[in-house]
Structures are given as C-alpha cells and as structure tokens.
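*Asks:* Okay, handing you the structure first.
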Amino acid sequence: MELKLAIIGCGTKATQYIQTWIVRSDIQLLGVMDPNGKAMDNVCHIAAEAGKTAPLCFDSWQTLLKDQHQQLDAVYICTPHANHAEQALLALELGLDVLLEKPMVTSVAEAEALAAAQQKSAKTLVVAYQGGLSPLVQELKDAIANQKYGALVSINAAIWEDWADKYQGHWKQVPEISGGGFMFDTGAHMMNTVSKITSKPFSRISAIMHNHGFPVDVVTSVSGELNDGTLFNLHACGRSIRCVSRIECFFPQAIVRICAWGRWMEIEDAQGNVVRKDQEAANNLMNVFMQSRNGEIENPSDVQQGLRMAQLWDAIKLSASQHGVPVTL
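Okay, here's the thing in structure tokens:
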C-alpha cells in the first residue's frame, strides 16, 4: 500500500532522506513545508529528476496539516527541536501517523503531553533515531537482556564532531530553539542508544558541561548508574574532528562496540577475535516506520522511549547547572 506523506522541514537531513524516498514506489510525497522557499524548490527539483509529481508547497505547517490531513497517511517532521512537540501534537490530533526527528521533545512536560496525545489518537509515532530503529542495536539489546556474553558490567560511550564551528550562528546554537547544545543534538543519538540497549531505569547521574565560549554546551561528561548497579559514562565533545561515535559494552565474556546510529557493531571475544556487522540506515528508517504503523513489528522507538530520554536530559541539565551535583531519577 502506498504511503501518502507530507514533510515539515526540508533542510539538509530531510533532503538526504527525500532523495532516497522519492524513488520508492510505495511512497507518494504530497506536500512539503519549509520557511525557506528555496528548500522547497529543491525538493520539487529532486522530484522532477526522479520523474515524480512535485509536492504541493506550503508556507505554514498548520495550513499544510489542516488542509491536507484527509489526503495524507503520515507526516515526517524535521524541524528545530523546540517545534517538535507542537507540530507532532497537531498531526496526531488530525489523525496522522508521525515520523518525528530526534530528539522527540525538549522537556519531560512536552514528552508527557505527546504520550497522552498518542494514546488518545491511537496513531503511530516513531522517533527517528537511526540507532533506535537499527536491527543491530536491537540485537545488542537482546544480548544484554539474555546475558548472551554474561551480565553487563559497564558502558563507556563517546561521540564527537566538529560541531561548534560547523554550526556557529545556526539555530542549533540558539538555546531557545535547540533546547540544548552538542549533547542534545548529535549527542542525543548516543544517549538514546545507551538508554535503549540497557532497558533498565537510570538511577542517578552526575553531569558537567562546558560551553567553550559558545552560547550552548559544547563538551559534556556524564557519569551514572542504572538501578541494577551498572555503571556508565557518556562523553560528548563538539569541538573535535568529523562525526564519529563509539559505545563500548563490557561483559565477562566479550566487549561489544556499536556506533550511536547502529550502522555497525563489533563483537570481540577473549582471544581478541572481532566479528563486524554493518547496517544500511536511510531506507531502514522509513521501512521500520512503515512496518510499525502497519502493525508488522512493535514500535522500537516510541513515545515511552522518548519520555525516558527526556527524563535523562532533564536530569543532566539539572546536575550540570549545579556543576556535577548528583541527581536521582
């Protein structure tokens, strides 16, 4: 069955996905909205090159949703973080399934409101964390739950990027719009993947942030404990090179490494032998969304996982505001 889709926000990330989705026979892009007309023109150009009908263009996301919801099945929202809750709430109220860019929301209060709206509407909401939707991340989650390599001992995670300079002056460094800095932007992938694979509640955390002269946090270090006593560290450095991550899970019988986006996983045994697995990401995002809304699989990145992430982020901010004073979740 063809998915009739609208997209709110046609920036770099959305455009990357559009180039993949537009050629699919099971997706029809009916409408787009972006405050930048050139961004929408670019989407129409991509559609023309693929031999597809250009989507309708709107200068208001409210107008797009209210005027087109009866013709639509779903909406993909790829806008600044602070806009997510309001836009997703209206989409759910109008009976649309939602593929929502990460992070889901900027606070626990927004997460709770979105969870209530999703439950009332009975529509599907999938948060577009590549790691949250990755089969490799799910495989690691199952291995931890089943103690495949023995009981999980600890987790050490890091993510880094040349983010501070790359996005200087961008909305990502405006706190009122972004909801945070590097930790809440690129670093959110790391937080979400660690949160997902453990499946255990966070017990307490201690966090320190440094801005390095920028209006938002650039470097964040978090130490914490799950409620079963498992220790973890999260380190995000937004003033480094490239965009890379590594999450290391330590077991008595193995060390398992995975990236925050779930694109690869390495399993190292006691003899130093390493088995590597790789996962394609772009189509997987849409495939999992469609399978979730069709009831073929359980939603692996739902509002409850988004709420858990919001609780962790609120605790990190609270601890960092007190320069590392431990916070109990």
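Numbered by my numbering, the letters in the sequence shown go through residues 461 to 789 in order. Where is the CB? At the ideal position from N, CA and C, for every residue including glycine.
(1) Short of 8 Å in beta carbon distance, which residues of its chain neighbour S659, apart from the five on each side in sequence? Order them along the chain.
(2) Please classify A582: is it buried, with 16 or more other beta-carbons within 10 angstroms of its beta-carbon, or exposed?
(3) Are the beta-carbon atoms belonging to T788 and R664 less than 8 Å from one another?
(4) Check this for me: beta carbons of A551 and L574, under 8 Å apart or not?
(5) Note down, in chain order, each residue of its chain lying with its Cβ closer than 7 Å to the Cβ of V565, except the 5 sequence neighbours on either side.
(6) On a CA-only basis, which of P563, H649, L691, K464 is nearest S614? Give me that one, please.
(7) Please report the distance separating the alpha-carbon of D688 from that of L516.
(8) CB H541 to CB S655, shorter than 8 Å?
(9) Distance check for N733 and P712, CA to CA, integer angstroms please.
(10) Any contact between the stretch 521 to 535 and the stretch 473 to 484? By contact I mean 3 or more CB pairs, one from each, below 8 Å.
(11) When DSSP labels each residue in this structure, what does W721 get in the three-state scheme?
(12) Taking the C-alpha atoms as reference points, what is the distance between L772 and D494?
(13) Mind checking whether T653 and A611 have CB atoms under 8 Å apart?
(14) CB-CB under 6 Å to V676, same chain, minus the five flanking residues each way: which ones, in chain order?
(15) Within 10 angstroms of the Cβ of D790, are there 16 or more other Cβ atoms? Answer buried if so, exposed if not.
*Replies:* The answer reads as follows:
(1) Position 199 of the sequence shown, counted from the first residue, corresponds to residue 659. Hits under 8 Å: K601, I604, A605.
(2) Your numbering for residue 582 matches position 122 in the sequence shown. Classification for A582: exposed.
(3) In the sequence shown, counting from the first residue as 1, residue 788 sits at position 328. In the sequence shown, counting from the first residue as 1, residue 664 sits at position 204. Yes, they are a contact pair.
(4) Counted from its first residue, the sequence shown places residue 551 at position 91. Counted from its first residue, the sequence shown places residue 574 at position 114. Contact: no.
(5) Locating residue 565 in the sequence shown gives position 105, where the first residue counts as 1. Cβ neighbours of V565 beyond the five flanking positions: H544, A545, A571, L574, G766, A770.
(6) Walking along the sequence shown from the start, residue 614 turns up at place 154. Here the closest residue by C-alpha is L691.
(7) Mapped onto the sequence shown, residue 688 falls at position 228. Mapped onto the sequence shown, residue 516 falls at position 56. Rounded to whole angstroms, D688 to L516 spans 51 Å at the Cα level.
(8) As a working mapping, residue 541 is identified with position 81 in the sequence shown. As a working mapping, residue 655 is identified with position 195 in the sequence shown. No, the Cβ-Cβ distance between H541 and S655 is not below 8 Å.
(9) One-based indexing of the sequence shown puts residue 712 at position 252. One-based indexing of the sequence shown puts residue 733 at position 273. Roughly 15 Å separates the two Cα atoms.
(10) no
(11) For the purposes of this step, residue 721 is identified with residue 261 of the sequence shown, where counting begins at 1. Coil.
(12) Start at 1 with the first residue of the sequence shown, and residue 772 comes out as number 312. Start at 1 with the first residue of the sequence shown, and residue 494 comes out as number 34. For L772 and D494, the distance between alpha carbons rounds to 31 Å.
(13) Sequence index remark: in the sequence shown, residue 653 carries index 193 (1-based). Sequence index remark: in the sequence shown, residue 611 carries index 151 (1-based). Not a contact, by the Cβ cut-off of 8 Å.
(14) Start at 1 with the first residue of the sequence shown, and residue 676 comes out as number 216. Q633, P635, G641, listed in sequence order.
(15) Since the displayed the chain opens at 461 and closes at 789, residue 790 lies outside it and no answer follows.
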